[in-house]
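Chemist: Got a structure for you, questions after.
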Amino acid sequence: MATTTPTGVRGGHHAKTATEAGTAHADTPGAPMTHRQIMEALSGLLLGMFVAILSSTIVSNALPQIITDLDGGQSAYTWVVTAALLSMTATTPLWGKLADLFSKKLLVQIALVIYVGGSVVAGLSQNTGMLIACRVVQGIGVGGLTALAQVIMAAMIAPRERGRYSGYLGATFAVATVGGPLLGGVITDTEWLGWRWCFYVGVPFALIALIVLQKTLKLPVVKREVKVDWAGALFISAAVSLLLIWVTFAGDKYDWVSWQTYAMTGGAVALGGIFLIIEAKASDPIIPLRLFRNRTITLASLASLFVGVAMFAGTVFFSQYFQLARGESPTMSGVMTIPMIGGLFISSTVSGMVITKTGRWKAWLVSGGVLVTGGLGLLGMIRYDTDYWRIAVFMAVMGLGLGMMMQNLVLATQNQVAPQDLGAASSVVTFFRSLGGAVGVSALGAVLANRVTHYVEDGFAALGPRGAALGHGGTGGGGIPDLDALPAPVRTIVEDAYGHGVADVFLWSAPFALLAFLVTLFIKEVALKSSAVAPDAAENEGGSESEGGGDGEGPLDEPAAAAGAGAPVVIPAQAVEPHPTGTGITVHGIVRGGDGTPLSGAAVTLISLAGRQLGRSVSHPDGSYALDAPEAGTYVLITSADGFQPEATTAVLGSEPLAIDIALSGTSGLTGTVVTADRAPIEGAMVFVTDARGDVLATGTSASDGAFAFAELAPGPVTVAVNAAGFRPLALPVDIATQGVTRIEAALQPGAVVQGVVRAGGEPGARGPLGGARVTLVDGAGTVVGVTTTGDDGAYAFADLDAGVYTLIATGYPPVAGALTVTAEGVDGHDIALAHPGE
Numbered sequence: 008m009a010t011t012t013p014t015g016v017r018g019g020h021h022a023k024t025a026t027e028a029g030t031a032h033a034d035t036p037g038a039p040m041t042h043r044q045i046m047e048a049l050s051g052l053l054l055g056m057f058v059a060i061l062s063s064t065i066v067s068n069a070l071p072q073i074i075t076d077l078d079g080g081q082s083a084y085t086w087v088v089t090a091a092l093l094s095m096t097a098t099t100p101l102w103g104k105l106a107d108l109f110s111k112k113l114l115v116q117i118a119l120v121i122y123v124g125g126s127v128v129a130g131l132s133q134n135t136g137m138l139i140a141c142r143v144v145q146g147i148g149v150g151g152l153t154a155l156a157q158v159i160m161a162a163m164i165a166p167r168e169r170g171r172y173s174g175y176l177g178a179t180f181a182v183a184t185v186g187g188p189l190l191g192g193v194i195t196d197t198e199w200l201g202w203r204w205c206f207y208v209g210v211p212f213a214l215i216a217l218i219v220l221q222k223t224l225k226l227p228v229v230k231r232e233v234k235v236d237w238a239g240a241l242f243i244s245a246a247v248s249l250l251l252i253w254v255t256f257a258g259d260k261y262d263w264v265s266w267q268t269y270a271m272t273g274g275a276v277a278l279g280g281i282f283l284i285i286e287a288k289a290s291d292p293i294i295p296l297r298l299f300r301n302r303t304i305t306l307a308s309l310a311s312l313f314v315g316v317a318m319f320a321g322t323v324f325f326s327q328y329f330q331l332a333r334g335e336s337p338t339m340s341g342v343m344t345i346p347m348i349g350g351l352f353i354s355s356t357v358s359g360m361v362i363t364k365t366g367r368w369k370a371w372l373v374s375g376g377v378l379v380t381g382g383l384g385l386l387g388m389i390r391y392d393t394d395y396w397r398i399a400v401f402m403a404v405m406g407l408g409l410g411m412m413m414q415n416l417v418l419a420t421q422n423q424v425a426p427q428d429l430g431a432a433s434s435v436v437t438f439f440r441s442l443g444g445a446v447g448v449s450a451l452g453a454v455l456a457n458r459v460t461h462y463v464e465d466g467f468a469a470l471g472p473r474g475a476a477l478g479h480g481g482t483g484g485g486g487i488p489d490l491d492a493l494p495a496p497v498r499t500i501v502e503d504a505y506g507h508g509v510a511d512v513f514l515w516s517a518p519f520a521l522l523a524f525l526v527t528l529f530i531k532e533v534a535l536k537s538s539a540v541a542p543d544a545a546e547n548e549g550g551s552e553s554e555g556g557g558d559g560e561g562p563l564d565e566p567a568a569a570a571g572a573g574a575p576v577v578i579p580a581q582a583v584e585p586h587p588t589g590t591g592i593t594v595h596g597i598v599r600g601g602d603g604t605p606l607s608g609a610a611v612t613l614i615s616l617a618g619r620q621l622g623r624s625v626s627h628p629d630g631s632y633a634l635d636a637p638e639a640g641t642y643v644l645i646t647s648a649d650g651f652q653p654e655a656t657t658a659v660l661g662s663e664p665l666a667i668d669i670a671l672s673g674t675s676g677l678t679g680t681v682v683t684a685d686r687a688p689i690e691g692a693m694v695f696v697t698d699a700r701g702d703v704l705a706t707g708t709s710a711s712d713g714a715f716a717f718a719e720l721a722p723g724p725v726t727v728a729v730n731a732a733g734f735r736p737l738a739l740p741v742d743i744a745t746q747g748v749t750r751i752e753a754a755l756q757p758g759a760v761v762q763g764v765v766r767a768g769g770e771p772g773a774r775g776p777l778g779g780a781r782v783t784l785v786d787g788a789g790t791v792v793g794v795t796t797t798g799d800d801g802a803y804a805f806a807d808l809d810a811g812v813y814t815l816i817a818t819g820y821p822p823v824a825g826a827l828t829v830t831a832e833g834v835d836g837h838d839i840a841l842a843h844p845g846e
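With my numbering applied, the sequence shown covers 8 to 846.
Below, the structure is given as structure tokens:
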């Protein structure tokens, strides 16, 4: 290390970092960076992390549409996800090792450039093969961003304070994870954009991150003799790739127990063995094997492997569940996963804050393991028609557990290593988490394809001979079905199959989460240190050994422990610049409508990032509002008003009052046309809009051109029912967009009417209406179309009929049957005479 700090003094590396960052305390050895300086340095890094996470989540809800457009199947679906995970997994240790040898700032910028290149070409993909190749390039860039984010944080921030800043990473993760699926869904549902913009949209963020990083991130460049372990990188990538290829095609292209299985698994083991031999002999191994002599690092890596399965199973397969099992749009699919992301956001933020105060982290890991296991077990019981509130609770439980485990496993590892191994150790944990995700997505994707095919076959078999004639519902050969193109009974079978199949995927994931929980029980807790750098004593073969234990996990937190080791200690009295502690920091501004006029009576609520309400105000006639925050920090303003879309705004407060003006947009509208099957407009059709409870929100009739329009509708799912004389009624599920006007087309099918009167026997002039007669209509295939019983007036009627030849049967007296030809105009006045023989 190039540092002027005497040997054995902790904090020397930290002092160098502060000097390079331009801190005002550069003259004091071991002085920490202030909170402001750390946040400035992290701003570009967090933006880069946002880009990395966005690239993974934005395509999740768009994938069913993407794979359908590119003529892919379930195998291609999983490989679009797995390819990025695979390249990210294989390159993460390499990025971590490079961070120990080269400029971390330069590496982050290179990773961003690689990501931009892969994204632009991915948006131009013409087939699934091209898309998968581009996802590999994207994964290389994302692997660098995710690995280097943890490394750079470890280089700047003491472990004891790192929990607080890990909360910012958790918040970034949550925003990108929530916003990604929603943004991807909106882009996919927008006709003039299309799914290709899911890849383009992250490019501007990446370019901004490049500029911000260039100006704000200043870290020391460690001058060492560089020798990159390219052979190790090659063999670990080959081993992981061969393993994933085997998992993907086993049970489909060949049996699980087959010569292909033996060849691929044997080859993966052999390549892994060669990798271990290379690492044992390499001067600068990509993964230093000596790190695994430390029990915490070994167990944290193993737990990350199992957590990765659960984490990626949730983010990948929920989109298929909501779109293919419940028929939701890509946008609503993203909205419905918010409970999981909300749980992850809350738990990661709260756990980071508490760990910063206490230095203790194991209880969070253990609790997280319990929640993830329980959440996946509960999700294993869902079906396509399970009440959404139950699914939301199950997702929230799983999200809470993931938030407690993901970042804290990295924290526990970083607390155990010497500074020159920070990059390698951090990337090792990330590597195993990505490896678990890659293997999990690949294997669980194969399970889903197999189970869906099985359940579809069972569903058609239950229909008898008619089911056999319906085929496979678009799922044959692992294909992704188009629900809108399926007839009603087939669609129900396919939705049920996907609901049950995705539940099986979660059920298969639960044992892995249980293993992660069991592994965390054996991790020995060492309180987080108050110095950014591990002691020099940690540079032994154990990676972090001290006098406190023979397993490489001695207490590294207290000054007394370090002094006992004979090393002088520099521990900063305060590692973070304090916020102002005074109260009454005002947030004020004006609430305006979409046309810019002040809005009176709008409710403005101030909440903390943990979700606690801190204040509430109602805008005055001039639109003004004012709220007091308890202290400086980051908050959220939620503004709502009758007839307008609610708005959430981030407020970052310093010591001075902050002015934030808020603009609310009006509620959404719905327009459409009512047409015949051949697209001719229908005038005078009645149109009804109802909500999920069945309450009527709006009614109207179509104009001469078939058009109708409704304004002031709240966004969300509604049902649009259309009825016109001579046509069959139609009901359409519609998602009202949050902004602008939603447009639909209702195509009505002809519906003929047959009606008449059943009369009693007797002379023609004396036949009166016959009540209680049973009239049955049978179509040409022998299927009963309808049955009715006449009242006192003897009248009967059948509606919504196709043109054709029917058989009309009336009973009450001895039965009468006769053929009836029905045209598109229907049959009116077809009377039936019933009489006893001889009458």
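Just so it is clear, CB atoms sit at the ideal spot from N, CA and C, and this is done for glycine as well. Fair warning: this is a prediction, and the values are worked out from it, not measured in the lab.
1) Return the bridge partner residues of I645 from the DSSP annotation.
2) With 16 other CB atoms within 10 Å as the buried threshold, where does N415 fall?
3) Would you mind giving the Cβ-Cβ distance between I667 and A655, rounded to the nearest angstrom? I have them listed as a contact below 8 Å.
4) Could you round the C-beta distance between V729 and A753 to whole angstroms and report it? I think they count as a contact, below 8 Å.
5) Closest to G384 by C-alpha separation, out of W368, A213, G366, A403, would be which residue?
6) How big is the Cα-Cα spacing for V748 and P740?
7) E752 by DSSP, collapsed to three states: which one?
8) What's the gap between the Cα of F136 and the Cα of V446?
9) Comparing C-alpha positions only, which one of T272, Q133, A520 sits nearest to G381?
10) Among L644, V643, P605, which has the Cα closest to the Cα of H627?
11) Which residue from Q762, D800, I816 puts its Cα closest to that of E832?
12) Whole angstroms are fine: how far does the CA of W204 sit from the CA of T197?
13) Any beta carbon from chain B within less than 7 Å of I65's own beta carbon?
14) Using the beta-carbon count (16 or more within 10 Å), is N301 buried or exposed?
15) Just confirm the distance between the C-beta atoms of S433 and T420, as a whole number of angstroms; I'd bet it's less than 8 Å.
16) Suppose you measure from the CA of T588 to the CA of G661; what does that come to, to the nearest Å?
17) Can you give the Cα-Cα distance for E454 and I614, rounded to whole angstroms?
18) Is it buried or exposed, A738, if we count other Cβ atoms within 10 angstroms and call 16 or more buried?
19) With DSSP as the reference, label R203 as helix, strand or coil.
20) Mapping the DSSP letters down to three states, classify L493 as helix, strand or coil.
21) Grab the span of the beta strand (DSSP E) containing L886 for me, first residue to last.
22) Please go through the region 793 to 830 and give each complete beta strand (DSSP E) segment of 3 or more residues, from N-terminal end onward.
23) Taking the DSSP output, what are the residues bridged to I597?
24) Tell me, to the nearest whole angstrom, how far the beta carbon of L278 is from that of L249; I am working on the premise that it is less than 8 Å.
25) Contact defined as beta carbons within less than 8 Å: I believe A213 pairs with Q145. What is the distance between those atoms, to the nearest angstrom?
26) Let me confirm a value: S265 is counted as buried when at least 16 other C-beta atoms fall within 10 Å, else exposed. Which label applies?
27) Check each candidate in M343, A802, D807 and name the one with the smallest Cα separation from G793.
28) Measure the CB-CB distance between D503 and Y391 and report whether it falls below 7 Å.
29) Pick helix, strand or coil for A692, following the three-state DSSP scheme.
30) Looking only at C-alpha atoms, which of F325, G150, V509 sits nearest to V435?
31) Relative to the C-alpha of A69, which candidate in N134, W202, S516, G148 has its C-alpha closest?
32) From the DSSP secondary-structure annotation, give me the bridge partner or partners of L337.
33) Hey, could you find the ends of the beta strand (DSSP E) A840 is sitting in?
34) Tell me Q116's beta-bridge partners as DSSP assigns them.
35) At what residues does the beta strand (DSSP E) containing P295 begin and finish?
36) Of the choices A767, T814, G209, whose alpha-carbon is the least far from that of G801?
Modeler: Judging by the given coordinates:
1) T612, A655
2) Counting Cβ neighbours within 10 Å, N415 comes out buried, since at least 16 surround it.
3) With a Cβ gap of about 12 Å, I667 and A655 do not count as contacting.
4) 5 Å
5) A403
6) One C-alpha to the other measures close to 16 Å.
7) strand
8) Sequence check: residue 136 is Gly here, not Phe. Distance between the alpha carbons of G136 and V446: 20 Å.
9) A520
10) P605
11) For the set Q762, D800, I816, the Cα lying nearest the Cα of E832 is the one of Q762.
12) 10 Å
13) Reference to chain B is not applicable here, since this structure consists of a single protein chain.
14) buried
15) 7 Å
16) Annotation note: pLDDT 35 at T588 (below 50); position unreliable, coordinate value reported separately. Computed Cα separation, rounded: 11 Å.
17) Going by the sequence as given, residue 454 is Val instead of Glu. Answer to the nearest angstrom: the Cα atoms are 43 Å apart.
18) exposed
19) coil
20) Under the three-state reduction of DSSP, L493 is assigned to coil, being neither helix nor strand.
21) Limits of the chain in this structure are 8 at one end and 846 at the other, which puts residue 886 out of reach.
22) 802 to 808, 811 to 818, 823 to 829
23) S631, per the DSSP bridge assignment.
24) Here L278 really is in contact with L249; their C-beta atoms are around 7 Å apart, less than 8 Å.
25) Not confirmed; about 11 Å, so no contact.
26) exposed
27) D807
28) A distance below 7 Å separates the beta carbons of D503 and Y391.
29) coil
30) G150
31) A69 has its Cα closest to that of W202, out of N134, W202, S516, G148.
32) Checking the sequence, you will find Pro at residue 337 rather than Leu. Answer by DSSP bridge pairing: none, since P337 is not bridged.
33) 839 to 841
34) Residue pairing for Q116: DSSP places it in no beta bridge.
35) Here P295 belongs to no beta strand (DSSP E), and DSSP marks it neither H nor E.
36) A767
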